[in-house]
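Worksheet for the structure shown next.
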Amino acid sequence: MEEHAEALRAEALALPEALFVPMPSRERYTGTWRAVLLDVGPWGAEFPGVDIPHNRRLCPVATALLSRLPVASVAGYLRLDPGATLATHTDLREDDVLRAHVALVLPPEEATRWPIGRARLLDVRAPHGAKNPSEAPRLTFTVDLRVGRRVEVGELGEWG
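Here's what the structure looks like:
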């Protein structure tokens, strides 16, 4: 995914504002947290009315990448707007799923710890969150991947 980071970034920045839909679980965040969804896996009921085929047509770079990742289940561009905070929380997932995030646009202080274009793995069963104190949207490309084995809670360490 890292080798496609620049193309993913350009694609995400060119997407129409109206394509980004609010994320569910509103109690978990303040401000605006939205996504352009390319696959919702088992979470389709949380995103009524999202037209995945339409989104995929508008995102050829991401769609081509996902076609080479048959183990992907949930995918899309996540955008945390300026001033927004996603509170520390845990998510429910099966034991063989990890989330990959590629940094596309990050607040400067976060980019010093997580370089733009780099991918990171996250076990969403572990506590995680995000904040955007900057003046620009925080943007990542995110994919949930089946890794083919049970991942022990805490195996990946903390999301830093």
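To convert, note that position 160 of the sequence shown is 160 in the working numbering; the numbers rise steadily by one, no gaps. All residues carry an ideal CB built from backbone N, CA and C; glycine is no exception.
By Cβ distance below 6 Å, which residues in the same chain neighbour residue i in space, the five residues on each side in sequence not counted?
i, result
"Ala119", "Met1, Glu2, Ala100, Val102"
"Asp91", "Val124"
In angstroms with no decimal places, state the Cα-to-Cα distance between residue i and residue j.
i, j, result
"Trp114", "Leu156", "16 Å"
"Ala130", "Phe20", "18 Å"
"Gly49", "Val105", "27 Å"
"Ala205", "Gly117", "It is not possible to answer for residue 205, since the shown part of the chain is limited to 1 through 160."
"Leu37", "Tyr77", "7 Å"
"Val147", "Arg28", "27 Å"
"Val74", "Pro42", "8 Å"
"Leu13", "Gly154", "34 Å"
"Ile52", "Ser25", "20 Å"
Quick one: grab the DSSP three-state call for residue i.
i, result
"Thr32", "coil"
"Gly160", "Any reading at Gly160 needs caution, since the residue's pLDDT is 47, under 50, leaving its predicted position unreliable; the model's value is listed next. Three-state DSSP puts Gly160 in coil, outside helix and strand."
"Thr216", "Outside the shown range of the chain, which is 1 to 160, sits residue 216, and nothing can be said about it."
"Gly44", "helix"
"Arg125", "coil"
"Arg68", "coil"
Kindly examine the ligand NAP and report whether one of its heavy atoms sits closer than 7 Å to the Cβ of residue i.
i, result
"Gly49", "Although the ligand NAP was asked about, the structure shown includes no ligands whatsoever."
Once you ignore the five residues that flank residue i on each side, which residues in its own chain have a CB closer than 7 Å to its CB?
i, result
"Thr30", "Ala84, Thr85"
Does the separation of the CB atoms of residue i and residue j fall below 8 Å?
i, j, result
"Pro82", "Ala136", "yes"
Assuming residue i and residue j are in contact, meaning their beta carbons sit under 8 Å apart, how far apart are those beta carbons, in whole angstroms?
i, j, result
"Leu8", "Ala62", "6 Å"
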